[in-house]
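Undergrad: Could you have a look at this structure, given as structure tokens, before my questions?
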Ligand code: ARG
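In the working numbering, the protein residues as written are 8 to 485.
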């Protein structure tokens, strides 16, 4: 049995023996919750002031405690690793331990009316608010990269797919903007997660509230919260804000994985629409010709972990009785890991998009091959008075004939086309130009250059993304 002096110090009175080393291995959380040290100090300063306001501490004691806490903060900022040799069980114990070492008996007064239960919830909420702000900014930079790429590729026609079968031509910028939309919903989710975290639990004590007439609203305001947690039992056991943060992270990573998958496909030799820059790819140790889109594959791959983090937190919470239970200590490793992974993914995504080379020629070729103009031809027939269902049938026969003859729709001889669709006139060829196909999709949300340009301006305005970069700088091959 190994005794930890620290633990003895915190609740030694009740215990005849110190904790077992194996118990410490599962119980001690300092290596993980060390990341909360600055938040813990901030919360402690607010608590010291609150104790001063209600007369538990003298004005002088408050000043001394606040100075001491500031020194602890500076000391922590200098450290490169969690001070595990201190023997402190967690970050809260460590801060208090340092304070007592500096100030003696005064340091022992700080925990009056407070519990680590309201303390850790406060710290983690503060951390989560900052983390959501950081991630939100990183989502914005992926959007910025996509908008810039979009601005350079409005006129690049790419094949659009459904079922991964060639469907209709779209602007490459329209593809970019689709992901800007997904990420916009992620921004909203991050904001919801932040708002959920922005309620202050400090002053809820262990579970029942604090016995001192603390002005909890004042503490909340001082710490930058929007308000206070209304119920003390809920306050110390609620980790919904973590679930919300992880839900945002999971959905955002799903979006990034979808974008990655599109780009992995587009970067294959079969497609050749895009090429990631060398800095974001790797070669093969065996096959000299290989350039593998590893960064994109890892964006796709990391998603599994982020989805699992959300499930892990929900599973930890399921069936937990009120109020605080040590199970909740698991929240931090899950949240910190997910935030780190998502942050990396977002930075990678922005970087890959910025370095992407678009091969306009390959995109255009794909856009006009494989019958992508069939819908256009049907629409043309409709413009000549043919009911759409009949037009669909007639064009279907033309497509079959084109497959048999190995010709694209725009290469089919006029007489053959007229055999199946007598309404076809001399202007059909013009109608089948790619540019016309795009320009006609001009209703809101469509892929016409006019709509896409409008959407890009709108997206820049909405996301607050700064100035456009030029097409030349974007490396678009024409
Ligand atoms: N390290 C603990 C956690 O992360 C702090 C709260 C401890 N509370 C307790 N009653 N043991 O949850």
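Glycine included, C-beta positions come from ideal geometry on N, C-alpha and C.
Bear in mind that the values here come from a model prediction, so they are computed numbers and not experimental data.
(1) I'd like to know if the segment 184-194 and the segment 244-263 are in contact, where contact means that at least 3 CB-CB pairs between them fall below 8 Å.
(2) Entirely within the segment 47-100 and at least 4 residues each: give me those alpha helix (DSSP H) ranges in chain order.
(3) Quick check on DSSP: helix, strand or coil for residue 420?
(4) Starting from the Cα of residue 435, find the closest Cα among 408, 452, 385, 468 and give me that residue.
(5) Just checking residue 240 against the ligand ARG - is the residue's beta carbon closer than 7 Å to any of the ligand's heavy atoms?
(6) Is the closest heavy atom of the ligand ARG to the C-beta of residue 118 under 7 Å?
(7) What residue ranges within the segment 289-347 form continuous alpha helix (DSSP H) runs of no fewer than 4 residues, ordered along the chain?
(8) Residue 568 by DSSP, collapsed to three states: which one?
(9) Compare the C-alpha of residue 278 against each of 118, 82, 165 and name the closest.
(10) Could you work out which residue in 240, 50, 141, 66 is closest to residue 329 when comparing CA atoms only?
(11) Please classify residue 323 as buried or exposed, where buried requires at least 16 neighbouring CB atoms within 10 angstroms.
(12) Could you check the C-alpha separation between residue 428 and residue 180 for me, to the nearest Å?
(13) Do residue 252 and residue 283 have their C-beta atoms within less than 8 Å of each other?
(14) On a Cα-Cα basis, can you pick out the residue from 205, 157, 201, 198 that is closest to residue 182?
(15) Tell me whether the beta-carbon of residue 135 lies closer than 8 Å to the beta-carbon of residue 248.
(16) Measuring from the CB of residue 127, is there a heavy atom of the ligand ARG at a distance below 7 Å?
(17) Rounded to whole angstroms, what's the CA-CA distance from residue 59 to residue 462? Just pull it up for me.
(18) So, under 8 Å CB-CB, residue 353 and residue 79 are touching, yes? Tell me the CB distance rounded to an integer number of Å.
(19) Might you give, ordered along the chain, the residues of its own chain that have their beta carbon closer than 7 Å to the beta carbon of residue 17, omitting 5 neighbours on each side?
(20) Tell me where the alpha helix (DSSP H) around residue 272 begins and ends.
(21) Quick check on residue 382: does DSSP put it in helix, strand or coil?
(22) Look at the Cβ atom of residue 243, then the Cβ atom of residue 208, and state whether they are nearer than 8 Å.
(23) Looking only at C-alpha atoms, which of 87, 374, 445, 459 sits nearest to residue 172?
(24) Taking Cβ to Cβ, would you say residue 91 is nearer than 8 Å to residue 153?
(25) Looking at C-alpha atoms only, which residue of 68, 56, 129, 67 is the closest neighbour of residue 44?
TA: According to the structure shown:
(1) Taking a contact to require three or more Cβ pairs closer than 8 Å, the segment 184-194 and the segment 244-263 qualify as touching.
(2) You should have 66-85.
(3) Looking up residue 420 in the chain shown gives position 413. Reduced to three states, the DSSP call for residue 420 is coil.
(4) Here residue 435 is taken as the residue at index 428 of the chain shown, counted from 1. Cα-wise, what sits closest to residue 435 is 385.
(5) Indexing the chain shown from 1 puts residue 240 at position 233. No, the ligand ARG has no heavy atom inside 7 Å of this Cβ.
(6) Sequence index remark: in the chain shown, residue 118 carries index 111 (1-based). No, Cβ of residue 118 sits at least 7 Å from all heavy atoms of the ligand ARG.
(7) Listed in chain order, the complete alpha helix (DSSP H) runs (minimum 4 residues) inside the segment 289-347 are 301-324.
(8) Outside the shown range of the chain (8 to 485) lies residue 568, about which nothing can therefore be said.
(9) Looking up residue 278 in the chain shown gives position 271. Ranking the options by Cα distance to residue 278, first place goes to 165.
(10) For the purposes of this step, residue 329 is taken as the residue at position 322 of the chain shown. Residue 240 is the option with its Cα nearest to residue 329.
(11) The residue labelled residue 323 in the question sits at position 316 within the chain shown. If you draw a 10 Å sphere on the C-beta of residue 323, you find 16 or more other C-beta atoms in it, and that means buried.
(12) Translated into the one-based positions of the chain shown, residue 428 becomes position 421. Translated into the one-based positions of the chain shown, residue 180 becomes position 173. Approximately 34 Å between the Cα atoms of the pair.
(13) Indexing the chain shown from 1 puts residue 252 at position 245. Indexing the chain shown from 1 puts residue 283 at position 276. Cβ atoms of residue 252 and residue 283: not closer than 8 Å.
(14) Position 175 of the chain shown holds residue 182. Measuring from the Cα of residue 182, the nearest candidate turns out to be 157.
(15) Numbered from 1 along the chain shown, position 128 holds the residue referred to as residue 135. Numbered from 1 along the chain shown, position 241 holds the residue referred to as residue 248. Yes, Cβ-Cβ distance for residue 135 and residue 248 is below 8 Å.
(16) As a working mapping, residue 127 is identified with position 120 in the chain shown. Yes - the ligand ARG has a heavy atom lying nearer than 7 Å to the Cβ of residue 127.
(17) As a first step, residue 59 must be located in the chain shown, where it is residue number 52. As a first step, residue 462 must be located in the chain shown, where it is residue number 455. The straight-line gap from Cα to Cα measures roughly 55 Å.
(18) Residue 353 sits at position 346 when you count from the first residue of the chain shown. Residue 79 sits at position 72 when you count from the first residue of the chain shown. The pair is not a contact, with the Cβ atoms about 33 Å apart (cut-off 8 Å).
(19) To locate residue 17, count along the chain shown from 1; it is residue 10. If we look at residue 17 and ignore the five residues flanking it on each side, its Cβ neighbours are 100.
(20) Walking along the chain shown from the start, residue 272 turns up at place 265. Annotation for residue 272: the continuous alpha helix (DSSP H) segment containing it runs 247-274.
(21) Numbered from its first residue, the chain shown carries residue 382 at position 375. Residue state for residue 382 is assigned as helix, using DSSP reduced to three classes.
(22) Within the chain shown, the letter at position 236 stands for residue 243. Within the chain shown, the letter at position 201 stands for residue 208. Contact flag set, yes.
(23) Residue numbering aside, residue 172 sits at position 165 when the chain shown is read from its first letter. Among 87, 374, 445, 459, the Cα nearest to that of residue 172 belongs to 374.
(24) Residue 91 sits at position 84 when you count from the first residue of the chain shown. Residue 153 sits at position 146 when you count from the first residue of the chain shown. Going by C-beta atoms, residue 91 is not nearer than 8 Å to residue 153.
(25) Counting from 1 along the chain shown, the entry for residue 44 is found at position 37. Ranked by how close their Cα comes to the Cα of residue 44, the residues 68, 56, 129, 67 have 129 in first place.
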